[in-house]
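Visitor:
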RNA sequence: GCGGGAAUAGCUCAGUGGUAGAGCAUCAGCCUUCCAAGCUGAGGGCCGCGGGUUCGAUCCCCGUUUCCCGCUCCA
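Next comes the structure, spelled out in structure tokens:
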């Protein structure tokens, strides 16, 4: 099975069996938005619960937070999200390069410029394109084209062409407005009053920005900022001593330039983030610690642990706030891609928020009698990416021979029992002789213990086993004729398809034991 | 944003300028059975959406939306 096939099959299974649907499908779908169906929501919740148990309940030095998605707009000014991600982007119409206008090479407006290409062939193609699209004849000299006139005060950084698209604003954050007043009203009033007359380009944009600013709010592009903003409240109310962490899971929103690969990169996604506050100087130690912790955690739930790797960021790809960063990457069908980033954010965020809010965001160590702004190590994981990773990891096709000697394919999701949406399928061997009643009782018993169990009496028993294999149910329990005589049932293992017989009244304890064992 | 491909039943796909098919799945019944068994029957599609050409379009043309692949981009 090729990588492309694997991806297709997983996507198809997701829809067919109720894991993931395209959003608003009956209206033609919405780009990059997906809904988690009955099984998908269980898988995602199981994954996130496992994370929460590991990161918060499993240790004394991390506490949780569930902050509002919409925060004070100044938060995003302080964090740099507002300024850093609204730069004008331009496409070169000749070489198709996309670039930031403010970082492009400056030229004199109206000056003659030269276009350069990697080889003669590319230059010839470009020459024809310019002739055809812009009606301009350029002089070709080997790999260069001469005679173009600069329309703006910059040219394409790649080929030097002045043939460019309009400047487009790229907004990272989803913008909305808080309160019932319509910001368009302000704009309309300004136009009527003539306040916008004579303005164009960036000036016009700036003026419009200003008019619509007062009620403007943004959907958070990461969950991290609330944990910085509430640092003091949490530290004091919970009497936390450094080092300690604040963890949060939830939705974040980004206007990605390109969305791709199913749920891998979408504009609305779910994060699992933790900010670990420590004393400057101990940050490198904690960085190493969390990198190892997080890598182990991801591998624990995977069948193929070799598909994960650690990749340190090169100095030039580090974010503006980071001193160092490691990505935990997974080998997706299209290649390695990010799953979690562990960054040393230093005291950048607390410092910025202190500066913008005018509040003190530092920590006093009563033993050492010193005051400092903590450094922060941030393991930030993609929950929705995790769902994709484990689906890809779990998908298996096995060639089997039927009792009649025919070859067939068994599709199995070898999900970790902890993650499996349904823990046990409960089946009466046949739909009569009181077997359904016994099976229903077993289901009720599991549900009462908080274990997701599913009753199924449709079709032949073999078919039911296979249907549950396909959605990753780790154990199948069957009530048969013998059950009615001696009070036992069979328990079938998803991965080995082997069965053994145990007393019905111990089956809940048995499954609980298996779940506990799998968790270790 | 660019280039290429795709869109037909829940899924995988076939098909033709003359009002649509298969396999699997679903549902009902028979069979009463431990690994997708068999038999009988049923439901289900304005052939992604909008426009054009045509007597007539699922098919040809244009646009659009969504998905996939490759670039590009990417905290």
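In the numbering used here, the protein residues as written are 63 to 582.
Idealized CB from N, CA, C, for every residue including glycine.
These figures come from a predicted structure and were not determined experimentally.
#1: Locate the alpha helix (DSSP H) running through residue 133, then write down its first and last residues.
#2: According to DSSP, which residues form a beta bridge with residue 216?
#3: Check residue 563 in the structure and name its three-state DSSP category.
#4: Determine the extent of the alpha helix (DSSP H) in which residue 252 is found, giving its start and end residues.
#5: Taking Cβ positions, are residue 179 and residue 188 nearer each other than 8 Å?
#6: Terminal residues of the continuous alpha helix (DSSP H) containing residue 108?
#7: Would the beta-carbon of residue 436 fall within 8 Å of that of residue 412?
#8: Between the C-alpha atoms of residue 403 and residue 387, what's the straight-line distance to the nearest angstrom?
#9: If you run the structure through DSSP and keep just helix, strand and coil, what is residue 490?
#10: Specify the secondary structure class of residue 458 as computed by DSSP and reduced to three states.
#11: Any heavy atom of the ligand ADP inside 7 Å of the beta-carbon of residue 458?
#12: Helix, strand or coil for residue 81, going by three-state DSSP, please let me know.
#13: Under a Cβ-count criterion, where at least 16 other Cβ atoms within 10 Å of its own Cβ denotes burial, should residue 554 be classed as buried or exposed?
#14: Is it true that the CB of residue 335 sits closer than 8 Å to the CB of residue 440?
#15: Can you tell me where the alpha helix (DSSP H) with residue 498 in it begins and where it stops?
#16: Per DSSP, which one or two residues make a beta bridge with residue 309?
#17: Going straight from the alpha carbon of residue 359 to that of residue 116, what length do you get?
#18: With distances taken from CA atoms, which of 182, 201, 271, 256 is nearest residue 233?
#19: So for residue 537, helix, strand or coil by DSSP?
#20: Assuming residue 328 and residue 94 make a contact with CB atoms under 8 Å, what is their CB distance in whole Å?
#21: Rounded to whole angstroms, what is the Cα-Cα separation between residue 183 and residue 239?
#22: Classify residue 355 as helix, strand or coil using the three-state DSSP reduction.
#23: In chain order, what residues of the same chain have a beta carbon less than 6 Å from the beta carbon of residue 273, not counting five sequence neighbours either side?
#24: Compute the Euclidean distance between the alpha carbons of residue 382 and residue 375, then round it to the nearest angstrom.
#25: Taking residue 399 as the reference, give the member of 406, 157, 389, 346 with the closest Cα.
#26: Measure the alpha-carbon distance for residue 425 versus residue 118 and round it to whole angstroms.
#27: Using 8 Å as the cut-off, can you tell me whether the segment 538-557 makes contact with the segment 495-511, which would need three or more C-beta pairs spanning the two stretches below that distance?
#28: Select from 80, 81, 97, 79 the residue whose C-alpha is nearest the C-alpha of residue 87.
#29: Give the secondary structure of residue 203 by DSSP, where H, G and I count as helix, E and B as strand, and everything else as coil.
#30: Relative to the alpha-carbon of residue 364, which residue among 125, 453, 459, 473 has its alpha-carbon at the smallest distance?
#31: Compare the C-alpha of residue 277 against each of 415, 132, 321 and name the closest.
#32: Helix, strand or coil for residue 221, going by three-state DSSP, please let me know.
#33: Checking 8 Å against the spacing of the C-beta atoms, do residue 483 and residue 541 come in under that value?
#34: Please report how far the alpha carbon of residue 349 lies from the alpha carbon of residue 408, in whole angstroms.
#35: According to the Cβ coordinates, are residue 535 and residue 487 closer than 8 Å?
Guide: Walking through what the data contain:
#1: Segment: none, residue 133 is in no alpha helix (DSSP H) and carries neither H nor E.
#2: According to DSSP, residue 216 bridges with 168.
#3: Looking at residue 563 - three-state DSSP - the assignment turns out to be strand.
#4: Segment 245-254, the alpha helix (DSSP H) holding residue 252.
#5: Yes.
#6: Run containing residue 108: 100-114, per the alpha helix (DSSP H) assignment.
#7: Cβ atoms of residue 436 and residue 412: closer than 8 Å.
#8: Residue 403 and residue 387 have their C-alpha atoms spaced approximately 7 Å apart.
#9: Here residue 490 sits in strand by DSSP.
#10: DSSP places residue 458 in strand when its eight states are reduced to three.
#11: By its list of ligands, the structure shown contains no ligand whatsoever, and the ligand ADP lies outside what it can speak to.
#12: The three-state reading of DSSP puts residue 81 in coil, since its state is none of H, G, I, E or B.
#13: A residue is called buried when at least 16 other Cβ atoms come within 10 angstroms of its Cβ; residue 554 meets this threshold and is buried.
#14: Yes, these two residues count as a Cβ contact at 8 Å.
#15: In the DSSP assignment, residue 498 falls within the alpha helix (DSSP H) that extends over 497-510.
#16: Partner(s): 126, 336.
#17: Looking at the two C-alpha atoms, the distance is approximately 8 Å.
#18: If we check each option's Cα against that of residue 233, 271 comes out closest.
#19: Note: residue 537 maps to strand in three-state DSSP.
#20: Confirmed, about 4 Å.
#21: Their backbone Cα atoms lie some 51 Å apart in a straight line.
#22: Residue 355 falls in the helix class under three-state DSSP.
#23: The beta carbon of residue 273 sits closer than 6 Å to the beta carbons of 248, 249, 252 from its chain, once the five residues preceding and following it are set aside; these are given in chain order.
#24: Distance between the alpha carbons of residue 382 and residue 375 is about 13 Å.
#25: Residue 399 has its Cα closest to that of 389, out of 406, 157, 389, 346.
#26: Annotation: residue 425 to residue 118 spans about 22 Å, alpha carbon to alpha carbon.
#27: The segment 538-557 vs the segment 495-511: in contact.
#28: The shortest C-alpha to C-alpha distance from residue 87 to any of 80, 81, 97, 79 is the one to 97.
#29: Strand at residue 203.
#30: Measuring from the Cα of residue 364, the nearest candidate turns out to be 453.
#31: When only C-alpha atoms are compared, the closest one is 132.
#32: In this structure, residue 221 counts as coil in the three-state DSSP scheme.
#33: Not in contact: residue 483 and residue 541 (Cβ atoms no closer than 8 Å).
#34: Straight-line spacing of the CA atoms in residue 349 and residue 408 works out to 11 Å.
#35: The Cβ-Cβ distance between residue 535 and residue 487 falls below 8 Å.
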